[in-house]
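Colleague: Handing you a structure now.
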Amino acid sequence: MVGAMRLTAVHVHPVKSLGGVAVDRATVEPWGLRHDRRWLVLHPDGGVLTARTEHRMLGVTAAPAPGGITLTGCDGGTLTVPEPTDGVPVPAGMSRLDTVRLAGDDAHHWLSGQLRRPVRLGWLDDPRRRPVSADHGGRPGDPLNLSDAGPLLLTTLPSLRRLDEWIVEGAAERGEPAPAALPMARFRPTVVVDGPVEPFAEDGWRTVRIGAVDFRFAERCDRCQLTLIDPVTFTTGREPIRTLARHRRHDGRTWFGVRLIPLGTGEIGIGDEVDAG
């Protein structure tokens with residue numbers, strides 16, 4: 578086992594593809610962190626809208642609120658949306674999930690105004706209805722929230738530091754000025770770990786313990802164009818995919834971080850000791 582590591586950040590993104598919030602502590606449930614990725618934004622026809630195509634989604638923040646979520650828009654306006662426990666079921670437009678429940682009309686109207694296009698807001702009432710795919714390391718009975726593939730995404734600061742070094746080296750080779758360090762937020766992790774480990778050591782971990790909660794490795798995380806979008810300016814660049822493609826390209830894809838599946842439940846928090854092996 579690898580010791581002397583600590584949990585340095587915990588992030589909850591209540592709405593898929595919207596901005597999330599950093600928290601000091603979170604409760605681990607079988608399908609992921611409590612409040613994480615239980616909501617999603619839908620086109621009027623039922624398809625899922627993500628920040629890959631609508632970059633402004635990254636400028637709208639969702640935070641947990643008692644019995645629901647609070648949305649904060651690009652203009653600073655806010656709206657609290659209760660969980661639509663009796664909401665109308667509509668097609669989810671996601672793999673391994675038939676329906677989600679629609680929020681109220683005020684949520685649709687407010688969010689449509691923020692994103693400047695007609696949308697609807699949906700909520701997953703019971704994550705046990707959506708399994709983790711076997712293609713992504715799932716076993717029978719593993720439930721999943723609205724994440725693409727796994728309940729938790731773990732990244733490490735040593736890996737990010739090495740990636741930043743590679744990006745700077747590449748810029749120097751091209752005769753370009755050194756860019757600013759890449760924020761971990763580009764990768765939208767749920768948990769971030771730091772400690773005396775080699776960069777990308779997480780690729781080889783098969784078990785992880787954070788505090789008193791155990792997890793198993795599901796798979797490495799392949800990275801998509803969402804990482805190319807600056808969450809502040811909404812502009813798209815070439816990093817980190819350009820550099821990952823040079824140093825971390827395998828099987829035709831680029832990799833950063835690992836997906837984990839909880840083996841139990843409990844609370845984790847910043848400063849918790851992390852063991853892996």
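Residue numbers (the numbering used here): 578 to 854.
A virtual CB, placed ideally from N, CA and C, is assigned to each residue, including glycine.
(1) Would you mind reading off the limits of the beta strand (DSSP E) that contains residue 786?
(2) Since residue 697 and residue 619 should fall inside the 8 Å C-beta cutoff, what is the C-beta to C-beta distance between them, to a whole number of angstroms?
(3) Is the beta carbon of residue 834 less than 8 Å from the beta carbon of residue 773?
(4) Quick check on the DSSP output: the alpha helix (DSSP H) that includes residue 818 runs from which residue to which?
(5) Between residue 629 and residue 803, which are expected to be in contact by the criterion C-beta below 8 Å, what is the C-beta distance as a whole number of angstroms?
(6) What residues match up with residue 619 in a beta bridge as DSSP calls it?
(7) So, is the C-beta of residue 760 closer than 8 Å to a C-beta in chain D?
(8) When we look at the beta-carbon of residue 751 and count the other beta-carbons within 10 Å, is it buried (16 or more) or exposed?
(9) I'd like to confirm the pairing. Which residues does DSSP put opposite residue 630 in its beta bridges?
(10) Throw me the rounded Cβ distance for the residue 639 and residue 616 pair, which I believe falls under 8 Å.
(11) State the DSSP-derived secondary structure class of residue 764, mapped to helix, strand or coil.
(12) Roughly how many whole angstroms lie between the Cα atoms of residue 828 and residue 591?
(13) For residue 810, which option in 582, 612, 632 and 610 has the closest C-alpha, if you only look at C-alpha atoms?
(14) Does the beta-carbon of residue 655 have 16 or more other beta-carbons within 10 angstroms, so that it is buried, or is it exposed?
(15) Mind checking residue 680: buried by the 16 CB within 10 Å criterion, or exposed?
(16) Between the alpha carbons of residue 785 and residue 716, how many angstroms are there, rounded?
(17) Alpha carbons only, please: which of 635, 701 and 644 is nearest the one belonging to residue 669?
(18) Less than 7 Å between C-beta atoms, sequence neighbours within five positions excluded: which residues of the same chain meet that for residue 708?
(19) Based on Cα-Cα distance, which residue from 762, 763 and 746 lies nearest to residue 755?
(20) For residue 825, which residues of its own chain have a beta-carbon under 6 Å away from its beta-carbon, when the five flanking residues on both sides are left out?
(21) Would you mind sorting residue 554 into buried or exposed? The rule is 16 or more other CB atoms within 10 Å of its CB.
(22) Between the alpha carbons of residue 689 and residue 749, how many angstroms are there, rounded?
(23) Measuring straight from C-alpha to C-alpha, what distance separates residue 742 and residue 836?
(24) Could you pull the start and end residues of the alpha helix (DSSP H) that residue 687 belongs to?
(25) Start and end of the beta strand (DSSP E) containing residue 779?
(26) Is it true that the region 836-852 meets the region 598-607, where meeting means three or more beta-carbon pairs spaced less than 8 Å apart?
(27) Hey, out of 728, 596, 585 and 682, whose CA is closest to residue 608's CA?
(28) In the DSSP assignment, find the unbroken alpha helix (DSSP H) run with residue 608 in it and report its ends.
(29) Going by DSSP, which residues form a beta bridge with residue 852?
Modeller: Checking against the coordinates, here is how it stands:
(1) Numbered from 1 along the sequence shown, position 209 holds the residue referred to as residue 786. Counting along the chain, the beta strand (DSSP E) containing residue 786 begins and ends at 784-787.
(2) Stepping through the sequence shown from its first residue, residue 697 is reached at position 120. Stepping through the sequence shown from its first residue, residue 619 is reached at position 42. About 5 Å separates the two Cβ atoms, so the contact holds.
(3) Position 257 of the sequence shown, counted from the start, is the residue given in the question as residue 834. Position 196 of the sequence shown, counted from the start, is the residue given in the question as residue 773. No, the pair does not count as a contact, with Cβ atoms beyond the cut-off.
(4) Here residue 818 refers to the residue found at position 241 of the sequence shown. 818-824 is the span of the alpha helix (DSSP H), which, as asked, contains residue 818.
(5) Counting from 1 along the sequence shown, the entry for residue 629 is found at position 52. Counting from 1 along the sequence shown, the entry for residue 803 is found at position 226. Indeed, because the Cβ distance is near 5 Å, the residues count as touching under 8 Å.
(6) Along the sequence shown, read from residue 1 onward, the residue named residue 619 stands at position 42. 625 and 697.
(7) Structure shown: chain D not included; a single protein chain is present.
(8) For the purposes of this step, residue 751 is taken as the residue at position 174 of the sequence shown. Looking at its Cβ environment, which holds fewer than 16 other Cβ atoms inside 10 Å, residue 751 is exposed.
(9) Stepping through the sequence shown from its first residue, residue 630 is reached at position 53. Its beta-bridge partners do not exist; DSSP assigns none.
(10) Translated into positions along the sequence shown, residue 639 becomes position 62. Translated into positions along the sequence shown, residue 616 becomes position 39. Confirmed, about 7 Å.
(11) For this step, residue 764 is matched to residue 187 along the sequence shown. DSSP places residue 764 in helix when its eight states are reduced to three.
(12) As a first step, residue 828 is located in the sequence shown; it is residue number 251 there, counting from the start. As a first step, residue 591 is located in the sequence shown; it is residue number 14 there, counting from the start. In a straight line, the C-alpha of residue 828 is about 31 Å away from that of residue 591.
(13) Along the sequence shown, one-based indexing puts residue 810 at 233. Closest option to residue 810, Cα to Cα, is 632.
(14) By one-based count along the sequence shown, residue 655 stands at place 78. Exposed: under 16 other Cβ atoms inside 10 Å.
(15) Residue 680 sits at position 103 when you count from the first residue of the sequence shown. Classification for residue 680: buried.
(16) Residue 785 sits at position 208 when you count from the first residue of the sequence shown. Residue 716 sits at position 139 when you count from the first residue of the sequence shown. If you take the alpha carbons of residue 785 and residue 716, they lie about 17 Å apart.
(17) Reading the sequence shown from its first residue, position 92 is the one you call residue 669. Closest by alpha carbon: 701.
(18) In the sequence shown, residue 708 corresponds to position 131, counting from 1. Cβ neighbours of residue 708 beyond the five flanking positions: 673, 715, 719, 720 and 721.
(19) Walking along the sequence shown from the start, residue 755 turns up at place 178. The shortest C-alpha separation from residue 755 is found at 746.
(20) Position 248 of the sequence shown, counted from the start, is the residue given in the question as residue 825. Counting only Cβ-Cβ distances below 6 Å, and skipping sequence neighbours, we find 831 and 832.
(21) In the structure displayed, the chain extends from 578 to 854; residue 554 sits before or after that span and is not available.
(22) Residue 689 sits at position 112 when you count from the first residue of the sequence shown. Residue 749 sits at position 172 when you count from the first residue of the sequence shown. Each residue's alpha carbon lies about 43 Å from the other.
(23) Counted from its first residue, the sequence shown places residue 742 at position 165. Counted from its first residue, the sequence shown places residue 836 at position 259. Cα to Cα, the separation comes out at about 24 Å.
(24) In the sequence shown, residue 687 corresponds to position 110, counting from 1. Where residue 687 is concerned, the enclosing alpha helix (DSSP H) stretches over 682-692.
(25) To locate residue 779, count along the sequence shown from 1; it is residue 202. Per DSSP, residue 779 belongs to no beta strand (DSSP E) and is neither H nor E.
(26) yes
(27) Position 31 of the sequence shown, counted from the start, is the residue given in the question as residue 608. Among 728, 596, 585 and 682, the Cα nearest to that of residue 608 is on 728.
(28) Within the sequence shown, the letter at position 31 stands for residue 608. Careful: residue 608 lies outside any alpha helix (DSSP H) and carries neither H nor E.
(29) To locate residue 852, count along the sequence shown from 1; it is residue 275. 786.
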